[in-house]
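Number of protein chains: 2
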Amino acid sequence: MAEIIDGKKVAKEIRAELKDRVAVLRDKGVQPGLAVILVGDDPASATYVRLKNSDAQKTDIEAVTYKMPPGTEPDDLEELIDSLNADPSIHGILLQTPIPKHLDEPAFLERIDPNKDVDGLTSRNQGMLMRGQPRFISCTPYGVQQLLVRSGYEIEGKHVVIVGRSNLVGRPLSVLLSSKMADANATVTLCHTGTKDLSRYTLTADILVAAAGSPGMITADHVTQDCVVIDVGTTANAEGKLIGDVDFDAVSQKVRAITPVPGGVGPMTRTMLMWNTVRAAELSV
Amino acid sequence: MAEIIDGKKVAKEIRAELKDRVAVLRDKGVQPGLAVILVGDDPASATYVRLKNSDAQKTDIEAVTYKMPPGTEPDDLEELIDSLNADPSIHGILLQTPIPKHLDEPAFLERIDPNKDVDGLTSRNQGMLMRGQPRFISCTPYGVQQLLVRSGYEIEGKHVVIVGRSNLVGRPLSVLLSSKMADANATVTLCHTGTKDLSRYTLTADILVAAAGSPGMITADHVTQDCVVIDVGTTANAEGKLIGDVDFDAVSQKVRAITPVPGGVGPMTRTMLMWNTVRAAELSV
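The following block contains the structure:
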């Protein structure tokens, strides 16, 4: 039976460190502030925003949620982002996605001041990551990295195989883990829907990250006994239960270590948003 | 003996297409203009700039070179870039690197209007590439892609192994070729100085791109007979002769196809700068 990598535990450790960093900032007269923008009434988004507020509270970050109606005019959202960009008490701005379809999501994400873009989604911050000098790393990739390292699984020199090339996870994670920096410097293979014979790659992985959003797609046939498996997938089934990309029951019988869903990457993602907010506040001093 | 992939020939084909596109632009009253900024008196840089001017001439692009002395003040370079950013007759701006050490190269590259950044080096353009919606792709990665496709070597679905993660070549190429778009969609493994047992990866490559800047490092032991080898390396030896990263004599006896150095990727890189300039002019209409 594989070792279970406990995301809740590591996230809690990081939150404790963040509280200490916030205390240092407060001593300097800086109260880290996070603005969360929620447009429309998607229930999943509302839940995520609630969890983010709860995480902020646990780390002494002041979080303010801006709720806007489903029919929000582009001008109004622009105005809100511009005013938050200009507000010195706000260090991080998060636009909860997806936003209603009549609003140009990429354009609004891009409108966020790169110095406050704690989700790391502006092209400026993605470009900095690509050059190996990241300022804010997107929260899920950052969470995957920290979860591995803080659980004792070295990344440096390893073969990391990532399945999925999304803008939010697979793509930035592939860049991050292959960069020449501490807790990275891995040889990375990025697999996706265009990959032929997936197991040809996954069977050579020291670390396998499943981030395809395809429930149970990684089976015992895709892994070796030395593999460390990180499951980023979280698809809700008909009963609302979260299902990972990895067939946990079968794969956990075979591999060296594995994350559960939920309780693996999820808590890390939320915590790294707090990390980025604290970092934004530190950079503002 | 491997097929020889002829970069000169493909570059010439592309230049002919570009001339046609320039003719269409001229009919609309638009003359594509490229500004090349050369700071200091590095002889290699001066040669590159001369070659770029010659390529521009061959494709009916109007190239203007701005020569600045080695002791150029930051303010003066800023002023030049700002004025070129504002000049409607200039569609592309290229800052020839390296620039003298007292000038902050990344900051000056970043100062170029992303709409005129035909080298694709601003973080804005790198971020767009990362999101799979490139505007200007850096010239060498773009040249490698076009060289493969136009020489009849399909990229889609193949395993591409890249050796070297430089900002100019390996990193953007890994992103480009793994993107979900035509002439890409490959499974890409990015190797580098932190990779242990390089041949473990290169021996599984359908396409191997050597972009490490380490003369002759890819030997016959690194390749299989089915491999298509692209050599991006160009290191000048003591006699000033350009040496690739691939041991051409030995490797060309074994593999399916290979680029020579010189005459492989080099002419493609220069031609894709013209491509990007024409595209910038087209986007400006």
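Here the protein sequences line up with chains Y and R, keeping their order.
For the first sequence, the residue numbers in my numbering are 1 to 285.
For the second sequence, the residue numbers in my numbering are 1 to 285.
Using N, Cα and C, we set each Cβ at its ideal position, and we do this for glycine too.
- Put simply, the CB of TYR201(R) is near chain Y, with a gap under 8 Å to one of its CB atoms.
- Three or more beta-carbon pairs separated by less than 8 Å link the stretch 253 to 267 of chain R to the stretch 223 to 239 of chain R, which places the two stretches in contact.
- Contact check for MET68(Y) against ILE37(Y) passes: the beta carbons are separated by less than 8 Å.
- If you check the CB distance, ASP249(R) and ALA212(R) do not come in under 8 Å.
- Proximity of MET128(R) to chain Y, defined by a Cβ-Cβ separation below 8 Å, is satisfied.
- The three-state reading of DSSP puts VAL149(Y) in helix, counting H, G and I together.
- In summary, the residues of the stretch 137 to 163 of chain R whose CB is separated from some CB of chain Y by less than 7 Å are GLU156 and GLY157, in the order they occur in the chain.
- CYS139(Y) and LEU273(Y) do touch by the CB rule: their CB atoms are close to 5 Å apart, below 8 Å.
- Unbroken beta strand (DSSP E) runs of no fewer than 3 residues, entirely contained in the stretch 104 to 184 of chain R, are found at 159 to 163, following chain order.
- For the stretch 161 to 185 of chain Y, the residues whose beta carbon sits under 8 Å from a beta carbon of chain R are, in order, ARG165, ASN167, ARG171, PRO172, SER174, VAL175, SER178, SER179, LYS180 and ASN185.
- Residue environment: SER179(R) is assigned as buried (16 or more neighbouring CB atoms within 10 Å of its CB, all protein chains considered).
- Per DSSP, VAL64(Y) is one residue of the beta strand (DSSP E) stretching across 62 to 68.
- As for any alpha helix (DSSP H) of minimum length 4 sitting wholly inside the stretch 34 to 98 of chain Y, the runs are 43 to 58 and 74 to 86, ordered along the chain.
- Closest in alpha carbon position to ALA107(Y), among ARG131(Y), SER284(Y), ASP82(Y) and THR189(Y), is ASP82(Y).
- Under the three-state reduction of DSSP, VAL228(R) is assigned to strand.
- Inter-residue distance for ILE61(R) and ILE14(Y) is about 55 Å (C-alpha atoms, whole angstroms).
- By the neighbour-count criterion, in which 16 or more other beta carbons inside 10 Å mark a residue as buried, SER54(R) falls on the exposed side.
- Among the bridge pairs identified by DSSP, ILE207(R) is matched with VAL160(R) and VAL228(R).
- Proximity of ARG131(R) to chain Y, defined by a Cβ-Cβ separation below 8 Å, is satisfied.
- From the beta-carbon of GLY194(Y), the residues of chain R found nearer than 9 Å are GLU156, GLY157, SER178, LYS180, ALA184, ASN185, ALA186 and THR187.
- Neighbours of CYS191(Y) in chain R, taken as residues at a C-beta separation under 8 Å, are given in chain order as THR187.
- Note that the C-beta distance between LYS8(Y) and GLY263(Y) is below 8 Å.
- A check of alpha carbon separations from PRO114(R) across ILE93(R), LYS101(R) and SER214(R) identifies ILE93(R) as the nearest.
- The beta-carbon of ARG124(R) is placed less than 8 Å from the nearest beta-carbon of chain Y.
- Boundaries of the beta strand (DSSP E) harbouring VAL188(Y): 187 to 191, taken from the DSSP string.
- Between GLN126(Y) and PRO172(Y), the C-beta spacing is below 8 Å.
- In this chain, MET217(Y) is not harboured by any alpha helix (DSSP H), its DSSP state being neither H nor E.
- For the pair HIS159(Y) and HIS102(Y), the Cα-to-Cα distance works out to about 42 Å.
- Note that the C-beta distance between LEU148(Y) and ILE207(Y) is below 8 Å.
- By alpha-carbon distance to VAL255(R), the top candidate from SER174(R), TYR48(R), HIS222(R) and ASP76(R) is HIS222(R).
- Counting along the chain, PRO100(R) sits inside no alpha helix (DSSP H), nor does DSSP assign it H or E at all.
- In the three-state reduction of the DSSP assignment, ALA257(Y) falls in the strand class, which pools E and B.
- Under the criterion of beta carbons closer than 8 Å, GLU110(R) and THR122(R) qualify as touching, at roughly 6 Å.
- VAL22(R) and LEU84(R) have their C-alpha atoms spaced approximately 21 Å apart.
- Boundaries of the alpha helix (DSSP H) around SER284(Y): 265 to 284.
- In the DSSP assignment, ILE14(Y) is bridged to no other residue.
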